[in-house]
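Asker: Attaching a single structure in structure tokens format; questions to follow.
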């Protein structure tokens, strides 16, 4: 009997079926150990020794593998076919050697690029040794990320309160987003005009031609810069006669793109399906691991972490057969298409992402998939089969037209395209391939019959004003594309890097665009000022190239670490003498447009408008940076930095208090202000002034006198309770809108209820709260999903609690990992979470049972749970990295 180690439990079950009784397939559940999230896990002074830690859940899994190895004939390491998968195999083998259970037994490494019976059996027939250079590249990358994260982040904490972390790739990706925001702020809008003529042929057909030549010069994109020039040219065209100079029809071929890589799949899924990079990888993982189709579990796509663009020869043959079968012989090119990657430093030696069987068209598998899985598979299948289809044949017609107004001449052009043969475009339901455009940007459209030398009748002259726009903010898709072009990061890191930037609140997403938060701008400005080298694009790309050369066996990984660490450590040491005033001075200059936005009245944006004499500057507080006056404490003016990338403005668009009117009782001014903790209403001045923060959902620009008065008057007396005779009042507190009566509280549903609730309704709400008893009668939340029976009895369910979704069994509540869809949890994942939770100190009475379930019962529980959820939604992907990785993503 041979022990086979894979990463996910669902994959283990599938592969066990393929291999039969001579094999025992066990899952590692991703990484089995990691660097502890504490200082001293990588020791540069001891030749970069790395101190690994096995958590309790992984220890249980390693014990199962170790126990199985005691009676096994050999070990087959079959983790995923990428750098991380190679590293997991290395970790497993290293731990088993330390347990002394290998003892000369045969150890082999195999990789499955697809989870199908043929792919698995073919891989088993071609074993190899662990790829040591690939493991060395992993160790170097892991050590670098740790050293940067755990040495640079403390500098930020000391010198830039509110900043959470920095990382080798994370910080460079953040710089890209922040640099784009700076470009937008510096952008100066320019005016330009376009002119076109609506013309009619002798046969009565109309078409439009645009002005391309005037005054003997060819016009560029923005040659007509003002309305005066546009008016002169319009007058010329209004009085001109028109004749066709030339008509040229030219055949053009449009070729398909290659199959998807990780990054191009993430880009396409973002633009076409609205998926985040993380969501794309979650769905792709499920498609890779497979579904029960026709009584057999099969993976629908090949491995989804790759930057290879070529398909295996047998896959190309299968695609060509499917093209003939589904589209016809004309759609099959004479020779197979071969692609080469254009990505800088591409290093993943795997196939592109493709269907495992091109005969499984999206229609044939739709019933087995949920909506997101079906849509992503549709995208992958179409891209894969289109990559081997014939070129589209397009006829492009260009018409050059002469305009003559009493000797003043101009030239116009009309362009139209007609698809003569759709070729690969036939694979796409929307009839247009991702990212395709016409070659020169002209509008695609059919032109009527137009002949050379014939006269045309003018119908209308159009003159339209335009203004240049700043470069767009990055979306997740365009940022991934830019990182790939620069050689920053790798397929397996893009989604994690973007997730880290969001989790750290360094960027926010607005209408699918990445907007740098003020925290992100500050961190980037700090690193650019004091750690310039480590956020340079070329430096990061060069380091990635060195890591790739390590994986190719061309460089020694510790030599690369030594070279990096020597310079980096010296830079860290230099910052020990850095004073906070130096940091603030640098940030004030670097972020001047953010910190000191221009004022409408033209006054100096660095002078405090409240006291008139103080200088405004960045200040650092417990909760991060804000703008304050140098005359503090005599002048207590402060201003928050907004999450949108600029200073937080009040409703008027200025950065100073907005006067809303006077309180009719006190005669004091009501003002709308923005402070360190957000916008608020203030009545009066000085320390005794009453303040009230804007409730969640209330926007500063929507605040008027009536709303301000209602807010500043809280709490609001509603009336006396008919039984107790005591006053009932409403207000807004730390936990939201509430009712108060006789020292007791009851929650209100909305903020608006605070201002509108009447006495009868208030009495009812208080009575309902009292009937529920202490704690509001919350009890145990209803189950979102039942997974089946635990081996030791009792139902395993998924529920949604105050702090998010969790797995429940008996008295054990195990929180789901961040971002995990509650409906996608499998029984194997639930059991693992329960074991990990109950194995911690302070666990429940069920600890012993949960930590060592009988294998027969576990199998029974899995079987029951599988029956209870006939169509599982997802499966286990790689185990999330420890906190260390989060710091240095």
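Numbering (full-length UniProt numbering), first residue to last: 1 to 889.
The beta-carbon is built from N, C-alpha and C at its ideal position, and this holds for glycine as well.
1) Is it buried or exposed, residue 705, if we count other Cβ atoms within 10 angstroms and call 16 or more buried?
2) May I ask which residues mark the beginning and end of the alpha helix (DSSP H) holding residue 18?
3) Helix, strand or coil for residue 795, going by three-state DSSP, please let me know.
4) Taking only the alpha-carbon atoms, compute the straight-line gap between residue 458 and residue 202 and give it to the nearest angstrom.
5) In whole angstroms, what separates the C-alpha of residue 659 from that of residue 614?
6) How about residue 520 and residue 507: do their beta carbons lie closer than 7 angstroms?
7) Are residue 524 and residue 155 close, meaning C-beta to C-beta below 7 angstroms?
8) Need the endpoints of the beta strand (DSSP E) that residue 5 sits in, please.
9) Are the beta-carbon atoms of residue 41 and residue 51 separated by less than 7 angstroms?
10) How many angstroms separate the CA atom of residue 96 from the CA atom of residue 733?
11) Look at residue 708 and residue 728 and say whether their C-beta atoms are less than 7 angstroms apart.
12) Using the beta-carbon count (16 or more within 10 Å), is residue 776 buried or exposed?
13) Classify residue 151 as buried or exposed, calling it buried when 16 or more other Cβ atoms lie within 10 Å of its own Cβ.
14) Does the pairing of the stretch 391-402 with the stretch 235-254 give three or more beta-carbon distances under 8 angstroms?
15) Within a Cβ cutoff of 7 angstroms, which residues of the same chain sit near residue 778, ignoring the five residues on either side of it in sequence?
16) Can you give the Cα-Cα distance for residue 763 and residue 737, rounded to whole angstroms?
17) By the 10 Å Cβ neighbour count, where 16 or more other Cβ atoms means buried, how is residue 504 classified, buried or exposed?
18) Measuring CB atoms only, is the stretch 781-801 touching the stretch 818-835, in the sense that at least three cross pairs come out at less than 8 angstroms?
19) Grab me the residues of residue 20's own chain with a C-beta within less than 8 angstroms of its C-beta, minus the 5 sequence neighbours each way, in chain order.
20) Looking at the secondary structure, which residues open and close the alpha helix (DSSP H) in which residue 417 lies?
21) Along the chain, where does the beta strand (DSSP E) containing residue 82 start, and where does it finish?
22) Looking at the structure shown, is residue 52 part of a helix, part of a strand, or coil, going by DSSP?
23) Unbroken beta strand (DSSP E) runs of length 3 or more, entirely within the stretch 160-207: which are they?
24) Report back the beta-carbon spacing between residue 516 and residue 177 to the nearest angstrom; my notes put them in contact at under 8 angstroms.
25) Keeping to the same chain, check which residues put their C-beta closer than 6 angstroms to that of residue 36; ignore five residues upstream and five downstream.
26) For residue 669, name the three-state secondary structure that DSSP assigns.
27) Distance, Cα to Cα, residue 43 vs residue 545?
28) Between the alpha carbons of residue 410 and residue 455, how many angstroms are there, rounded?
29) Residue 809 bridges to which residues according to DSSP?
30) So, with DSSP's three-state summary, where would you put residue 593?
31) Excluding the 5 residues flanking residue 440 on each side, which residues of the same chain have their C-beta closer than 6 angstroms to its C-beta?
32) Ends of the beta strand (DSSP E) at residue 695?
33) Which runs of the alpha helix (DSSP H), 4 residues or longer, sit entirely within the stretch 273-332?
34) What span of residues does the alpha helix (DSSP H) with residue 235 cover, start to end?
35) Decide if residue 466 is buried, meaning its Cβ has at least 16 other Cβ atoms within 10 Å, or exposed.
36) Kindly indicate which three-state DSSP category residue 933 falls into: helix, strand or coil?
Answerer: Taking the structure as given:
1) Residue 705 sits exposed, since fewer than 16 C-beta atoms from the chains shown fall within 10 Å of its C-beta.
2) For residue 18, the uninterrupted alpha helix (DSSP H) run begins and ends at 9-19, by DSSP.
3) DSSP places residue 795 in strand when its eight states are reduced to three.
4) When only Cα atoms are considered, residue 458 and residue 202 end up about 11 angstroms apart.
5) Near 21 angstroms, if we compare the C-alpha coordinates of residue 614 and residue 659.
6) Yes. Within cutoff.
7) Cβ atoms of residue 524 and residue 155: not closer than 7 angstroms.
8) First-last of the beta strand (DSSP E) with residue 5: 2-6.
9) Yes; because the gap between Cβ atoms is below 7 angstroms, this pair is in contact.
10) Between residue 96 and residue 733, the C-alpha separation is close to 56 angstroms.
11) No. Outside cutoff.
12) Because residue 776 carries a pLDDT of 48, less than 50, the predicted location of this residue cannot be relied on, and no value is offered for it.
13) Residue 151 comes out buried.
14) They touch, by the three-pair rule.
15) Because residue 778 carries a pLDDT of 48, less than 50, the predicted location of this residue cannot be relied on, and the following value inherits that uncertainty. Closer than 7 angstroms at Cβ, skipping near neighbours: no residue.
16) Answer to the nearest angstrom: the Cα atoms are 16 angstroms apart.
17) Here residue 504 is buried. Its C-beta has 16 or more other C-beta atoms within 10 Å.
18) Put simply, the stretch 781-801 touches the stretch 818-835. At least three CB pairs are less than 8 angstroms apart.
19) The beta carbon of residue 20 sits closer than 8 angstroms to none of the beta carbons in its chain outside the five residues before and after it.
20) Element bounds for residue 417: not the alpha helix (DSSP H) but the beta strand (DSSP E), 408-421.
21) Bounds of any beta strand (DSSP E) do not take in residue 82, whose DSSP letter is neither H nor E.
22) In the structure shown, residue 52 adopts coil according to DSSP, grouped into three states.
23) You should have 191-200.
24) Contact check for residue 516 and residue 177: beta-carbon distance about 5 angstroms, within the 8 angstroms limit, so the pair qualifies.
25) Excluding sequence positions up to five before and after residue 36, its CB lies within less than 6 angstroms of the CB of 53, all in the same chain and listed in chain order.
26) In the structure shown, residue 669 sits in a strand (DSSP, three-state: E or B).
27) Counting only the Cα atoms, residue 545 lies some 24 angstroms from residue 43.
28) C-alpha separation (whole angstroms): 15 angstroms.
29) Looking at the DSSP assignment, residue 809 forms a beta bridge with 796, 812.
30) Looking at residue 593 - three-state DSSP - the assignment turns out to be helix.
31) Here the model assigns residue 440 a pLDDT of 35, short of 50, so the residue's position is not dependable and the matter cannot be decided.
32) Following the DSSP letters along the chain, one finds residue 695 in no beta strand (DSSP E), marked with neither H nor E.
33) Those alpha helix (DSSP H) runs which fall completely within the stretch 273-332 and span 4+ residues are 277-289, 313-326.
34) Unbroken alpha helix (DSSP H) run through residue 235: 227-238.
35) Classification of residue 466: exposed, given that the 10 Å Cβ count is below 16.
36) Residue 933 lies beyond the residue range present for the chain, which begins at 1 and ends at 889; the question has no answer from this structure.
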